[in-house]
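Below is one structure; the comments refer to it alone.
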Amino acid sequence: MLGVTGSIAAYKAADLASKLTQSGAHVDVILTGAAERFISPLTFQSLTGRKAFTDKELWGGESHILHVGLGHAADLFLVAPCTANTLAKFAQGQANDLLSITALAAQCPVLVAPAMDVGMYEHLATQENVRVLKERGVHFAGPAEGRMASGLLGLGRMIEPAEIIGHARRVLGLQGKLAGKKIVITAGGSREAIDPVRFITNRSSGKQGYALAEAAIDAGADVTLISAPTALTPPIGTNLLWAESAEEMLDLVLAKSTGADALIMAAAIADFRPEKVAGKKLKKRDGIPQITLEVAPDVLLAVASQKPDVSRPRVVVGFAAESRDLVANAAEKLKSKNLDLMVANDISAKDAGFDVENNRVILLTPDGEREKLSLRSKFEIAEIIMARVSLLLDKLEK
Ligand code: CTP
Numbered sequence: 011m012l013g014v015t016g017s018i019a020a021y022k023a024a025d026l027a028s029k030l031t032q033s034g035a036h037v038d039v040i041l042t043g044a045a046e047r048f049i050s051p052l053t054f055q056s057l058t059g060r061k062a063f064t065d066k067e068l069w070g071g072e073s074h075i076l077h078v079g080l081g082h083a084a085d086l087f088l089v090a091p092c093t094a095n096t097l098a099k100f101a102q103g104q105a106n107d108l109l110s111i112t113a114l115a116a117q118c119p120v121l122v123a124p125a126m127d128v129g130m131y132e133h134l135a136t137q138e139n140v141r142v143l144k145e146r147g148v149h150f151a152g153p154a155e156g157r158m159a160s161g162l163l164g165l166g167r168m169i170e171p172a173e174i175i176g177h178a179r180r181v182l183g184l185q186g187k188l189a190g191k192k193i194v195i196t197a198g199g200s201r202e203a204i205d206p207v208r209f210i211t212n213r214s215s216g217k218q219g220y221a222l223a224e225a226a227i228d229a230g231a232d233v234t235l236i237s238a239p240t241a242l243t244p245p246i247g248t249n250l251l252w253a254e255s256a257e258e259m260l261d262l263v264l265a266k267s268t269g270a271d272a273l274i275m276a277a278a279i280a281d282f283r284p285e286k287v288a289g290k291k292l293k294k295r296d297g298i299p300q301i302t303l304e305v306a307p308d309v310l311l312a313v314a315s316q317k318p319d320v321s322r323p324r325v326v327v328g329f330a331a332e333s334r335d336l337v338a339n340a341a342e343k344l345k346s347k348n349l350d351l352m353v354a355n356d357i358s359a360k361d362a363g364f365d366v367e368n369n370r371v372i373l374l375t376p377d378g379e380r381e382k383l384s385l386r387s388k389f390e391i392a393e394i395i396m397a398r399v400s401l402l403l404d405k406l407e408k
């Protein structure tokens, strides 16, 4: 359910309703009287393909069941934009229009995206309402800092629809199968410096690792994403940490995965690195440099040597990128790196693997199980891997 209140940001609620509908949600919109002055119910009806409700319906023949029905049917009660007035009504439990009455009937999580002028947001009365609502378990998405309709700069802008959807996913996931589980995921291709401007890297885009973080958030996990540099946007709710080299990955993974429920190593980490990193940029006039490589630290091997039940994560998942003898090589790595699950992909395929949207993988387990997953999106692969992690954790708890 999407509540829209009287702020100029109401025009962005149309985009939000459209994006939510496109992603498969059934969006029932309730507009307050003030919202109707900014935007019409017809806009939402056209975008969602469902009736948009206003206070007119409140006084119709079915009013006594309408609010209860809308409130009970909702999986999420999202209000965007949410004005200072609506926040105050929610905080006080007022029920004098269809939206505030439905808020009292709703039994699902509530998420609000405040939108108001900076002075109004910072006012003690509003801050007190925010505190009361947070204490009651209401979730907040924003507000952001930026330019207001009044021309002032400050905190109070509604955050963008794509970000609100990220918050909605996070809140909906809180009851998921991995609720409360601590999961560390690595992503992207590491970089090993040659000099201050040059480095050795690989073709990994980070897409599979970021998709894993998204799927883990959807399932309610507490996610730490250790990422090599990428241009990707991390899912809302992840604790993002940057690591460039194998050494930095090693330090961060060991620091963050101690006692974690699961570690998923989707990052393509360097096997070799320059033995010496030049302090100054290598110049052409000095001739062709001879770069000697040395072995870079293997993060999974270091994790494998940790004490189980003390510092080793309870479930460890590795990835194997292979261009030949896929299953044999992946099975060998599964064993040598002491993994609970290995995700093997054939990087010689053009339609799957590095830097594309899809992947085709084989899942291998220590007891010899092999499951082939045909070509599908990296997000779908991520969901299957997270379901496997959840099953492995369930087994450990039995
Ligand atoms: N990995 C790691 N540290 C490294 C290299 C790889 O922890 N320095 C992890 C990867 O994140 C992945 C798994 O080990 O989960 C397998 O990586 P891959 O590069 O396929 O295998 P390698 O062990 O490096 O073996 P090879 O390069 O010989 O195929």
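Just so you know, we're using my numbering here: the sequence shown kicks off at 11 and counts up by one. Every residue, glycine too, gets a C-beta built ideally from N, C-alpha and C. Keep in mind that this is a model prediction, so the values were computed, not measured.
According to DSSP, residues forming a beta bridge with residue i
i      : result
His149 : Leu121
Ala354 : Ala330, Ile372
Gly40  : According to the sequence shown, residue 40 is Ile rather than Gly. Paired residues: Gly13, Phe63.
Ser237 : Ala197, Trp252
Phe209 : Ala203
Ser400 : Paired residue(s): none; Ser400 is not in a bridge.
Ser387 : Asn368
Val325 : Ala272
Contact set for residue i: own chain, Cβ-Cβ below 8 Å, skip 5 residues either direction
i      : result
Leu182 : Asp85, Leu86, Pro119, Asp228
Ala221 : Ser387, Lys388, Phe389, Ile391, Ala392
Continuous alpha helix (DSSP H) stretch holding residue i: start and end
i      : result
Gly219 : 217-228
Ile301 : Segment: none, Ile301 is in no alpha helix (DSSP H) and carries neither H nor E.
Pro91  : It is not in any alpha helix (DSSP H) - Pro91 instead sits in the beta strand (DSSP E) that spans 87-92.
Ala362 : No alpha helix (DSSP H) holds Ala362; DSSP gives it neither H nor E.
Ala115 : 108-115
Gln55  : 51-58
Asn339 : 336-346
Glu132 : 128-132
Ile246 : Taken as a continuous stretch (DSSP letters only), Ile246 belongs to no alpha helix (DSSP H), as it is neither H nor E.
Gln32  : 20-32
Ala172 : 171-183
Coil, strand or helix - residue i by DSSP
i      : result
Ala306 : coil
Lys382 : strand
Pro1   : Missing from the structure shown is residue 1; the chain here goes from 11 to 408 and no further.
Ala278 : strand
Asp263 : At residue 263 the sequence reads Val, which differs from the Asp that was named. Looking at Val263 - three-state DSSP - the assignment turns out to be helix.
Arg283 : strand
Asp232 : strand
Leu273 : strand
Lys192 : strand
Ala35  : coil
Residue i Cβ short of 8 Å to the ligand CTP heavy atom set
i      : result
Ile236 : no
Leu251 : no
Pro376 : no
Asn339 : yes
Pro318 : no
Phe389 : no
Pro206 : no
Thr31  : no
Gly328 : yes
Glu8   : Since the displayed the chain opens at 11 and closes at 408, residue 8 lies outside it and no answer follows.
Thr64  : no
Ala115 : no
Pro323 : no
Lys217 : no
Lys61  : no
Val309 : yes
Met396 : no
Ile193 : no
Thr196 : yes
Asp356 : no
Lys345 : no
Asp404 : no
Ala272 : no
Cut-off 6 Å between Cβ atoms - residues of its own chain near residue i, not counting five sequence neighbours on either side
i      : result
Ala105 : Ile111, Leu114
Ala288 : Asp205
Asn348 : Ala314
Asp25  : Pro171
Met396 : Ala225, Ala226, Ala229
Glu393 : Ala225
Cβ-heavy atom distance, residue i to the ligand FMN, below 8 Å
i      : result
Thr240 : Inclusion of the ligand FMN in the displayed structure is not the case, the ligand content consisting of the ligand CTP alone.
Span of the beta strand (DSSP E), counted from its first residue to its last, around residue i
i      : result
Arg157 : 154-157
Ala165 : The displayed chain sequence assigns Leu, not Ala, to residue 165. That run of the beta strand (DSSP E) goes 163-167.
Contact set for residue i: own chain, Cβ-Cβ below 7 Å, skip 5 residues either direction
i     : result
Ala62 : Val39, Leu41, Pro51, Phe54, Gln55
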